[in-house]
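Protein chains in written order, with the working numbering: chain A, 178 to 467; chain B, 1226 to 1610; chain C, -8 to 190.
Even for Gly, the Cβ is constructed at its ideal location relative to N, Cα and C.
Quick caveat: nothing in here was measured; it's all calculated off a predicted structure.
Only one structure is covered here, and it is reproduced in the block below.
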Amino acid sequence: MAELEVIPENPVEQFLRMERIPHIWCAGCGIGTSVNCFARALIESKVDLDKVAIVSGIGCTGRVAGYLKLDSFHTTHGRAIPFATGLKLANPKLKVIVYSGDGDLFAIGGNHFIHAARRNLDLVIICVNNLIYAMTGGQVAPTTPISALSSTTPYGCYEPPFNLPQLAEAAGATYVARWTTFHVRQLARSMKEALNKEGFSFIEIISPCPTLYQRRNRMGDGLDAMKFYKQRSKIRNGAPTSEVAFDINSDIIVGKFVDRTRPTLLGTMHHQLRERLGEKYACVEEVACH
Amino acid sequence: MTADPKGVLTGIHFLDGDFACAEGCLAAGARFAAGYPITPSTEVVERFAQRIPLVGGTFIQMEDELAASIAIQGAVWAGAKAFTVTSGPGFSLMMEHIGYAAMTETPCVFVNVQRGGPSTGLPTLPAQADMMQARWGSHGDYEIIALSPSSPQECFDLTIRAFNLSEQYRTPVLLMMDECVGHMTEKVVIPPAEEIEIYPRRLTNKPPEAFQPYETDGDLVPEMVHAGMGYRFHITGLTHDERGYPAMSPVAQDKLIRRITAKIRNAAERISMREEEGIDGAEVVVVSYGITARVAQRSIELARRKGVRVGKLRLLTVWPFPDWRVREIAKQVKAFVVPELNMGQIAREVERASCGAARTVPVPHAGGTVHRPEQILEAILEAAK
Amino acid sequence: MPLTEIRVAGFGGQGVILAAMIIGKAASIFENGYATLTQAFGPEARGSACSAQVILSDEPILYPYITQPDILIAMSQDAYNRFMPELKPGGTLLIEEDLVRIHDLPNGIRIHGVPATRLAEELGRRLVLNIVMVGFFAAVTKLLQPESLRKAVADSVPAGTEALNLRAFDKGFEYGLMELKSESAESQPVDKWIEGLPH
Chain A
178 MAELEVIPEN PVEQFLRMER IPHIWCAGCG IGTSVNCFAR ALIESKVDLD
228 KVAIVSGIGC TGRVAGYLKL DSFHTTHGRA IPFATGLKLA NPKLKVIVYS
278 GDGDLFAIGG NHFIHAARRN LDLVIICVNN LIYAMTGGQV APTTPISALS
328 STTPYGCYEP PFNLPQLAEA AGATYVARWT TFHVRQLARS MKEALNKEGF
378 SFIEIISPCP TLYQRRNRMG DGLDAMKFYK QRSKIRNGAP TSEVAFDINS
428 DIIVGKFVDR TRPTLLGTMH HQLRERLGEK YACVEEVACH
Chain B
1226 MTADPKGVLT GIHFLDGDFA CAEGCLAAGA RFAAGYPITP STEVVERFAQ
1276 RIPLVGGTFI QMEDELAASI AIQGAVWAGA KAFTVTSGPG FSLMMEHIGY
1326 AAMTETPCVF VNVQRGGPST GLPTLPAQAD MMQARWGSHG DYEIIALSPS
1376 SPQECFDLTI RAFNLSEQYR TPVLLMMDEC VGHMTEKVVI PPAEEIEIYP
1426 RRLTNKPPEA FQPYETDGDL VPEMVHAGMG YRFHITGLTH DERGYPAMSP
1476 VAQDKLIRRI TAKIRNAAER ISMREEEGID GAEVVVVSYG ITARVAQRSI
1526 ELARRKGVRV GKLRLLTVWP FPDWRVREIA KQVKAFVVPE LNMGQIAREV
1576 ERASCGAART VPVPHAGGTV HRPEQILEAI LEAAK
Chain C
-8 MPLTEIRVAG FGGQGVILAA MIIGKAASIF ENGYATLTQA FGPEARGSAC
42 SAQVILSDEP ILYPYITQPD ILIAMSQDAY NRFMPELKPG GTLLIEEDLV
92 RIHDLPNGIR IHGVPATRLA EELGRRLVLN IVMVGFFAAV TKLLQPESLR
142 KAVADSVPAG TEALNLRAFD KGFEYGLMEL KSESAESQPV DKWIEGLPH
């Protein structure tokens, strides 16, 4: 306890817009936990914080950008990735992180996700997957497990969900990991690795929504979710992503699944243009405004 | 300031409107474009894609128009001048991001080479039927600036003006071309870079601790910063306060929406560009824009030969609409004749602005080609009765 | 010059658009005239028939499309069949004489023919037939200064091919001059292109 007294400030505070706290997230929500991990990853990755830009879409996780004391952009629903694409291409010196939810990134924004992964643009995509549309009141998402109740599947979901790590790998991501909000240390490490890796990185965070998912599906509160994650998560680093799908009551395979190298979009672009245009190619690292 | 010579293809060229627009973008300093192929607008980004690696900058073909219209805004906040180009169906998809640019005050240019609609319509043939969509297409209240060129030369000139206005007022600006002007090839004179006026980005001089993204210091247009400059600022499409933070209150909404509409409304007379001729003493004034203005010019000449006193009001800036000018003219003339390649869009504005002082005679045309000069002539003769 | 409407038509790959571009460029950039070029776009323009319309005038051109061309340059049979009916009475018809057979010709049309493809092949590049055609156009219509058209050719063709294209222009031009001479000697120069007549 003596230690707590000499550290008057939470180390995460330097990354937060404290004037905006308290945040809008519910008690037991996992988004705040993920932000804590992210703050730790920022410190440990030693990235230049003035060159970090956070882009969010719409939804509960979409609010992350607004609480982080970094250059931060709260964009339109589903379009965080194409916004981030413009940011990164116009100033490749920026470290661009997209921080958003499962509905935003994989329903309305699904097409942008696969294309950014295909291009292998140097972005870190952090997806807080709470298995539901939370901001709008608990509707079914493309990640909702079969038979789970939501406000628009009152008799249980009957659409199969995406297996996000498999989707990311198939589309071309160079780094793919999944953790739950129980795995704070592993999650922070994965975030750090992704921040230090070139190419399109994807981290899925299985996170509780006590208000809309847990309660409706009789899964208890935030604490019960932690117990559930602790019991049912199995760490299998390197597991084939085709084997990591989960359903409402099954084990959740977590771990770092993919860590590979592919040429990045900016790399292939410079290479191709230099090859075709030679000295005439006006290669710029920063698209300056005139 | 004047244009960066790297992007300026000074000389006399024989270019179509789409190519001239691309050269206008380069001359204006655009160093980023995102697009999605759609007839009849694609040639703009085809030329940009060919030229930009030689000038220094990036073109990316995105997966759809939603992506293109927001990628350009990411690029703007990273420091580039940026634009996208589309037509009919793509313009519909871009509406949300025109609103985002208006709300976040992101300077950028949207080019719409109009084709016949609704839906897929007439991909290869002209129309001017997106004029009201340009004004009102995104949800919510905002003001917009839209320009309408009548020739490839004006595609070049007005593209530069579109960028300058977008920087000056921090607003999306729409260049409303049409298939005919876009695919029409004529002489285009590109002046030397030092003769091209460029409105620079309104970057702040304030240090980070004194800067707030939407503080205007009494002016109506706030200053900007770019990502990576150390300001750690926040931008949102939600209603926001001076700090850029979401502010979910009627008070914040009122303050913000009044300001972003006022910054354009109050400057409407300065923004508006018109070509006027023969209005004093006219009994009929023809109001037109874009390709239709050229056809209307021939009709005006034919009518004058028949002894009718006809004036010309050509709108190079369609939005903001020059209410004040139409109201003045309405007091002096019998009627306005408004030919356009739609079923009557700007005609409604003319009618509204004339406040009943003069009659409005629309000359609607569903598009696919331009009016026959005789069609407009007939309307002029009818209006002069 | 008074307002002159020209349609250039042929099939894809003949360089129809470039030929029209050169004419427009010569008038508006290398002479003090105005020129407006439009072309058909879309699937119809990617198939066999290809056409471009160019309007020349001493005054700014208002109406963008041609209504009744004064001159038709037909480089294929299809182009002739399709566009001949719209040619203005008393107008001028230029044909690629090896590719176009004339039929249903109204009275009063002036016809000039050139084996543009063959002449281009003699230069070693079939591709330059459109430039041969432009040279021929220069000679027989006298609408524009040959020098401004030559400048427009040099300004429009890919770098490194200027000399070849200028030779093609000159070849067409000389053929046109010769044709004019022989036309003034012959009473019915048209006969040799008319369908069904022995050639």
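### Interface partners of Q1298 (chain B) on chain A, CB under 7 Å
Near Q1298 (chain B) (Cβ distances below 7 Å), the residues of chain A are F260, G263.
### Task
Between the Cα of I208 (chain A) and those of A:C334, A:T358, A:Y352, spot the shortest distance and give me the residue it belongs to.
Per the Cα distances, A:T358.
### Alpha-carbon to alpha-carbon, G234 (chain A) and E1330 (chain B)
Rounded to the nearest whole angstrom, the C-alpha separation of E1330 (chain B) and G234 (chain A) is 18 Å.
### Task
In angstroms with no decimal places, state the Cα-to-Cα distance between C1580 (chain B) and G1254 (chain B).
Between the alpha carbons of C1580 (chain B) and G1254 (chain B) lies a gap of roughly 41 Å.
### Query
Span of the beta strand (DSSP E) holding V131 (chain C)?
Boundaries around V131 (chain C) are those of the alpha helix (DSSP H), 120 to 132, since no beta strand (DSSP E) includes it.
### Message
Excluding the 5 residues flanking G1407 (chain B) on each side, which residues of the same chain have their C-beta closer than 6 Å to its C-beta?
### Response
Cβ contact annotation for G1407 (chain B) (same chain, cutoff 6 Å, sequence separation greater than five): G1242, D1243, P1265, V1338, in chain order.
### Task
State yes or no: is the C-beta of Y1261 (chain B) within less than 8 Å of the C-beta of T1311 (chain B)?
Cβ atoms of Y1261 (chain B) and T1311 (chain B): closer than 8 Å.
### Message
Quick check on T193 (chain C): buried or exposed, where buried means 16 or more other Cβ atoms within 10 Å of its Cβ?
### Response
In the structure as shown, chain C begins at -8 and stops at 190. Residue 193 (chain C) is therefore absent and cannot be evaluated.
### Query
According to a CB-to-CB cut-off of less than 7 Å, which residues of the segment 1507 to 1537 of chain B neighbour chain C?
Those would be I1516, R1519, V1520, Q1522, R1523, in chain order.
#### Entry: Any chain A beta carbon closer than 8 Å to D1382 (chain B)
No, its Cβ sits nowhere closer than 8 Å to a Cβ of chain A.
### Query
Alpha carbon to alpha carbon, how far is T1396 (chain B) from K228 (chain A)?
About 26 Å.
### Task
Taking only beta-carbon positions, decide if R1272 (chain B) is within less than 8 Å of chain A.
Using a CB distance cut-off of 8 Å, R1272 (chain B) does not count as an interface residue toward chain A.
### Query
If you pair each beta-carbon of the segment 1448 to 1464 of chain B with each one of the segment 244 to 253 of chain A, do three or more pairs fall below 8 Å?
These segments touch.
### Query
For a contact meaning CB atoms closer than 8 Å, what does Y458 (chain A) contact in chain B?
Per Cβ cutoff of 8 Å: P1278, L1279.
### Task
Taking only beta carbons into account, state which residues of the segment 1403 to 1417 of chain B come closer than 7 Å to chain C, listed in chain order.
Those residues of the segment 1403 to 1417 of chain B that come within reach of chain C (Cβ to Cβ, closer than 7 Å) are C1405, H1408, M1409, T1410, E1411, K1412.
### Query
Whose C-alpha, out of B:E1440, B:L1566, B:I1516, B:M1454, is nearest the C-alpha of K1480 (chain B)?
Of the candidates B:E1440, B:L1566, B:I1516, B:M1454, the one whose C-alpha sits nearest the C-alpha of K1480 (chain B) is B:E1440.
### Query
R(-2) (chain C) bridges to which residues according to DSSP?
The partner list for R(-2) (chain C) (beta bridge, DSSP) reads C:Q44, C:L63.
### Message
Below 8 Å on C-beta distance, what does H1364 (chain B) contact in chain A?
### Response
Those within 8 Å of H1364 (chain B) in chain A number zero; the least Cβ separation is about 12 Å.
### Query
Does the separation of the CB atoms of V1520 (chain B) and V1562 (chain B) fall below 8 Å?
No. Outside cutoff.
#### Entry: Near-chain B residues of the segment 438 to 458 of chain A - C-beta to any C-beta below 7 Å
L450, L454, K457, Y458: these are the residues of the segment 438 to 458 of chain A whose beta carbon lies less than 7 Å from some beta carbon of chain B, given in chain order.
### Message
Please tell me whether V232 (chain A) and L264 (chain A) are closer than 8 Å, where the distance is taken between their beta carbons.
### Response
For V232 (chain A) and L264 (chain A), yes; Cβs fall inside 8 Å.
### Query
Quick one: Cα of A230 (chain A) to Cα of V361 (chain A), how far?
Their Cα atoms are separated by approximately 22 Å.
#### Entry: Contact set between N268 (chain A) and chain D, taken where Cβ atoms lie within less than 7 Å
Absence of chain D from the displayed structure is noted, the protein chains being A, B and C.
### Task
Tell me whether the beta-carbon of S139 (chain C) lies closer than 8 Å to the beta-carbon of E50 (chain C).
If you check the CB distance, S139 (chain C) and E50 (chain C) do not come in under 8 Å.
### Task
Could you have a look at F164 (chain C) and say whether DSSP puts it in helix, strand or coil?
Collapsing the DSSP output to three states places F164 (chain C) in a helix.
### Task
Starting from V1595 (chain B), find everything on chain C with Cβ-Cβ shorter than 8 Å and list it in chain order.
At a C-beta separation below 8 Å, V1595 (chain B) has these neighbours in chain C: Y54, P55, Y56.
### Task
Spatial neighbours of L(-6) (chain C) within its chain, please: CB distance less than 7 Å, with the 5 preceding and 5 following residues excluded, ordered by chain position.
Here L(-6) (chain C) has I46, S48 as same chain residues with Cβ atoms under 7 Å from its own Cβ, once five neighbours each way along the sequence are excluded.
#### Entry: Within chain A, partners of F1335 (chain B) - CB distance below 9 Å
Those do not exist, as F1335 (chain B) stays about 14 Å from chain A at its closest Cβ, beyond 9 Å.
### Message
With DSSP as the reference, identify every bridge partner of P1471 (chain B), one or two as the case may be.
### Response
DSSP output for P1471 (chain B) lists B:H1465 as bridge partner(s).
### Task
On the DSSP bridge assignment, give the partners of A1255 (chain B) in chain order.
Paired residue(s): B:K1306.
### Task
Within the same chain, show all residues whose beta-carbon is closer than 8 Å to that of R1584 (chain B), passing over the 5 residues directly before and after it, in chain order.
Taking R1584 (chain B) as the centre and dropping the five residues before and after it, the same chain places the C-beta of K1559, A1560, F1561, A1608 closer than 8 Å to its C-beta, in chain order.
### Task
List the endpoints of the continuous beta strand (DSSP E) containing W356 (chain A).
352 to 357 is the extent of the beta strand (DSSP E) around W356 (chain A).
### Message
Relative to the C-alpha of G243 (chain A), which candidate in B:G1469, B:E1574, B:Q1393 has its C-alpha closest?
### Response
Selected option, being the one with the closest Cα: B:G1469.
### Query
At which residues does the alpha helix (DSSP H) containing Q1600 (chain B) begin and terminate?
First-last of the alpha helix (DSSP H) with Q1600 (chain B): 1598 to 1609.
### Query
Shorter than 8 Å from the beta carbon of L1240 (chain B) to some beta carbon of chain C?
No, L1240 (chain B) lies away from the interface with chain C (no Cβ there is under 8 Å from its Cβ).
### Query
Counting contacts by CB-CB distance shorter than 8 Å, is H1590 (chain B) in contact with chain A?
No, H1590 (chain B) lies away from the interface with chain A (no Cβ there is under 8 Å from its Cβ).
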